[in-house]
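Contents: one structure, followed by commentary.
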Amino acid sequence: MAITGIKGFNDILPGEVEKWQRIEATARRVFQIYGFSEIRVPIMEKTELFSRSIGDATDIVEKEMYSFTDKGENRVTLRPEGTAGVIRSYIEQKLHVLDPVTKLYYMGPMFRYERPQKGRYRQFHQIGAEVVGVTNPRIDAQVLIMLRHFFRDLGLTEPTLQINSLGCPECRPAYRAALKGYLEERRELLCDDCRRRMESNPLRALDCKVPGCGQATAEAPSVLDHLCRGCDDHFVAVRRHLDATETSYAVNHRMVRGLDYYTRTTFELVTGLLGSQSAVAAGGRYDGLIQELGGPNLPGIGFAMGVERVALLLSANASAKAPDLFIAAHGEAAGDEAFRLMTLLQGQGFRVELDYEGKSLKSQMRRADKLGARHTLIIGEDELANGRGMLKEMATGVQLELILEAALLAEALSSQPSP
RNA sequence: GUGGCUAUGGUGAAGCGGUUAACACUUACGACUGUGACUCGUACAUACGUGGGUUCAAAUCCCACUAGCCACCCCA
Numbered sequence: 005m006a007i008t009g010i011k012g013f014n015d016i017l018p019g020e021v022e023k024w025q026r027i028e029a030t031a032r033r034v035f036q037i038y039g040f041s042e043i044r045v046p047i048m049e050k051t052e053l054f055s056r057s058i059g060d061a062t063d064i065v066e067k068e069m070y071s072f073t074d075k076g077e078n079r080v081t082l083r084p085e086g087t088a089g090v091i092r093s094y095i096e097q098k099l100h101v102l103d104p105v106t107k108l109y110y111m112g113p114m115f116r117y118e119r120p121q122k123g124r125y126r127q128f129h130q131i132g133a134e135v136v137g138v139t140n141p142r143i144d145a146q147v148l149i150m151l152r153h154f155f156r157d158l159g160l161t162e163p164t165l166q167i168n169s170l171g172c173p174e175c176r177p178a179y180r181a182a183l184k185g186y187l188e189e190r191r192e193l194l195c196d197d198c199r200r201r202m203e204s205n206p207l208r209a210l211d212c213k214v215p216g217c218g219q220a221t222a223e224a225p226s227v228l229d230h231l232c233r234g235c236d237d238h239f240v241a242v243r244r245h246l247d248a249t250e251t252s253y254a255v256n257h258r259m260v261r262g263l264d265y266y267t268r269t270t271f272e273l274v275t276g277l278l279g280s281q282s283a284v285a286a287g288g289r290y291d292g293l294i295q296e297l298g299g300p301n302l303p304g305i306g307f308a309m310g311v312e313r314v315a316l317l318l319s320a321n322a323s324a325k326a327p328d329l330f331i332a333a334h335g336e337a338a339g340d341e342a343f344r345l346m347t348l349l350q351g352q353g354f355r356v357e358l359d360y361e362g363k364s365l366k367s368q369m370r371r372a373d374k375l376g377a378r379h380t381l382i383i384g385e386d387e388l389a390n391g392r393g394m395l396k397e398m399a400t401g402v403q404l405e406l407i408l409e410a411a412l413l414a415e416a417l418s419s420q421p422s423p
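Heads up, the first sequence is in the numbering used here, so the first residue is 5 and it goes up one at a time.
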């Protein structure tokens with residue numbers, strides 16, 4: 005039995021990988037427009053970093069992390085998300101002294117030990133961006149605008165933007181208490197999970213998909229009615245900037261977060277096309293996180309998108325680039341000449357293919373056709389004796405004889421632009 | 001961690017207790033023309049996820065395991 009890959013860890017093969025390249029290239033290009041620089045941080049960190057930033061009581065930390073002890077007796081974890089490592093680096097490298105505003109993006113694999121299903125894998129990939137140092141709600145709006153820009157450039161209009169505010173340490177406790185009180189009164193209507201959630205994280209009940217809970221919480225108090233003055237002003241301003249820039253969005257006051265560090269603005273880009281994995285990108289503001297991790301008291305905001313999920317939304321339109329020329333050679337000497345010419349032309353940037361195994365001319369022509377070569381150069385023994393070959397344009401079948409010289413070939417190939 | 005469904009070659013699949021394990025695609029070679037696409041021919045599963053069991057006989061029935069998918073949970 006051959007060795008197989010690990011459950012939930014996938015290969016990305018040619019044909020699929022082109023979509024990834026497009027996603028990554030689009031992200032790089034768009035994010036740079038908005039002043040973001042790439043940062044590359046390790047995929048492993050000390051376990052403590054994640055338990056402190058994400059929150060001890062979250063599902064991620066409680067049961068989904070790939071944690072182990074290395075040979076030096078250190079507790080380490082394969083990163084389950086990107087923000088913690090980036091912020092750790094920001095603090096450790098003292099990036100705040102270089103510039104009061106730091107805009108970073110990253111891309112790479114993340115790891116969570118979950119049961120795989122559509123759009124959810126144990127090794128998955130995120131592209132994320134973080135801004136440190138700006139409190140003004142304009143940055144919240146800008147991050148959202150950038151996200152929309154990214155999806156627009158990918159040709160995706162489907163994911164819709166939902167926003168919410170979770171308040172801050174000033175106002176959230178009061179809301180939490182109010183919600184908890186409301187839930188207590190309807191305890192018997194709630195599912196078992198939600199009864200448990202009332203204690204640990206009552207906000208989660210708002211997100212429950214059990215129909216009974218949906219009804220029971222339909223009239224639940226909204227976070228947005230419990231925001232303190234500062235948070236309310238902030239949220240109103242974010243919306244004002246989105247309106248002013250004609251960025252479409254919907255307020256979803258029931259949206260909650262799985263990570264503890266979020267404050268104020270939170271958002272998701274959701275789609276109905278991915279089964280139950282509706283979130284394509286999500287993020288929010290995390291004003292206390294940097295200080296919590298031992299850094300300066302600076303605000304932050306960021307998001308991450310799931311590359312697999314974006315790729316699922318992208319229609320498969322990728323194809324390998326067809327060769328400019330296929331050289332079909334008949335005979336050993338012709339094969340040598342074919343190889344020589346191929347090398348010269350490749351040096352000039354032409355995509356050239358040939359047959360390596362000395363197969364029949366018919367086989368070689370079939371392969372030229374299959375690869376979609378625009379031209380085929382046929383070198384037979386007779387032609388070779390005269391230093392000539394037949395150049396055939398595959399689409400039309402037109403062929404002409406020419407002298408076997410790389411410069412002449414290059415000219416012939418360039419003179420007929422690709423369709 | 002829980003539940004449902006599925007498991008035949010490189011791929012999609014027929015098959016429902018006794019078949020040379022159909023068919024299509026892909027791939028390879030060949031015919032038509034020393035030169036592709038269309039057409040035609042030939043080849044390609046000692047083998048039906050793994051291990052047991054029932055039976056004269058199992059890809060076909062039973063059990064276990066494993067894997068995959070989908071859903072719950074949670075999330076990107």
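Backbone N, C-alpha and C fix where the C-beta goes; we use that ideal spot for every residue, glycine too.
Since the model is a prediction, treat every value here as computed from it, not as a measurement.
Distance cut-off 6 Å: residue i Cβ against heavy atoms of the ligand SAH
i	result
D237	Within the structure as shown, the ligand SAH is missing, as the structure has no ligands at all.
Presumed contact (8 Å Cβ cut-off) between residue i and residue j, rounded CB distance
i	j	result
L148	L170	That belief does not hold up - the Cβ atoms of L148 and L170 are roughly 16 Å apart, past 8 Å.
D291	C172	7 Å
A31	M111	7 Å
L278	L316	6 Å
A372	M346	Not really, about 13 Å apart at Cβ, beyond 8 Å.
Cutoff 6 Å; reference residue i; Cβ partners in own chain excluding five residues on either side
i	result
M394	I382, Q403 and E405
F239	S169
Y38	M150
Cα-Cα separation between residue i and residue j, rounded to whole angstroms
i	j	result
P421	D328	Summary for P421: the model assigns pLDDT 48, below 50, so the residue's position carries little reliability, and this model does not support an answer.
L151	V314	12 Å
P113	A411	45 Å
A61	V34	36 Å
Y109	I16	22 Å
K184	M202	6 Å
Y117	K75	22 Å
L318	K23	7 Å
S419	L413	10 Å
L366	E387	First, the residue type needs correcting, since residue 366 is Lys and not Leu in the sequence shown. Approximately 17 Å between the Cα atoms of the pair.
C232	S252	25 Å
A326	R378	8 Å
S364	G353	27 Å
T8	R119	18 Å
A332	P18	25 Å
F154	A29	10 Å
V260	Q350	54 Å
E66	I167	27 Å
C1	L210	With the chain running from 5 to 423 in the structure shown, residue 1 is simply not present.
C-beta contact flag for residue i and residue j at 7 Å
i	j	result
R244	T267	no
P303	T139	yes
E162	T275	yes
V440	H257	The requested residue 440 does not occur in the structure, where the chain is confined to residues 5 to 423.
Q144	T249	Before going further, note that residue 144 is Asp rather than Gln in the sequence given. No, the pair does not count as a contact, with Cβ atoms beyond the cut-off.
I47	R83	yes
E134	V90	yes
F307	A283	no
M309	I131	yes
Y265	L293	yes
G391	I407	yes
Cβ neighbour criterion (16 or more within 10 Å) applied to residue i
i	result
Q36	exposed
Y360	exposed
P423	Because the pLDDT at P423 is just 41, under 50, the model does not fix this residue reliably, and the value given afterwards should be weighed accordingly. Burial call: exposed.
P177	exposed
T380	buried
Y123	Rather than Tyr, the amino acid found at residue 123 in this sequence is Gly. That one is buried.
L102	exposed
E272	buried
Q368	buried
V21	exposed
E357	buried
K11	exposed
E42	exposed
Cβ shell of residue i (< 8 Å), same chain only, five flanking positions each side left out
i	result
E52	R79
L193	G216, C217, Q219 and A220
H100	Y94, T106, V136, G137, G299, P300 and L302
P225	Y179, A182, L183 and Y186
R44	Y110 and G112
A337	E385 and L388
Beta-carbon contacts of residue i that lie in its chain and below 7 Å, excluding the five residues immediately before and after
i	result
T81	M48, E49, T51, F54, M69, Y70 and S71
F115	Y70, L82, R83, P84, R126 and Q127
V311	W24, I27, H129, Q130 and I131
S204	A61
R142	H245
R208	R201 and V260
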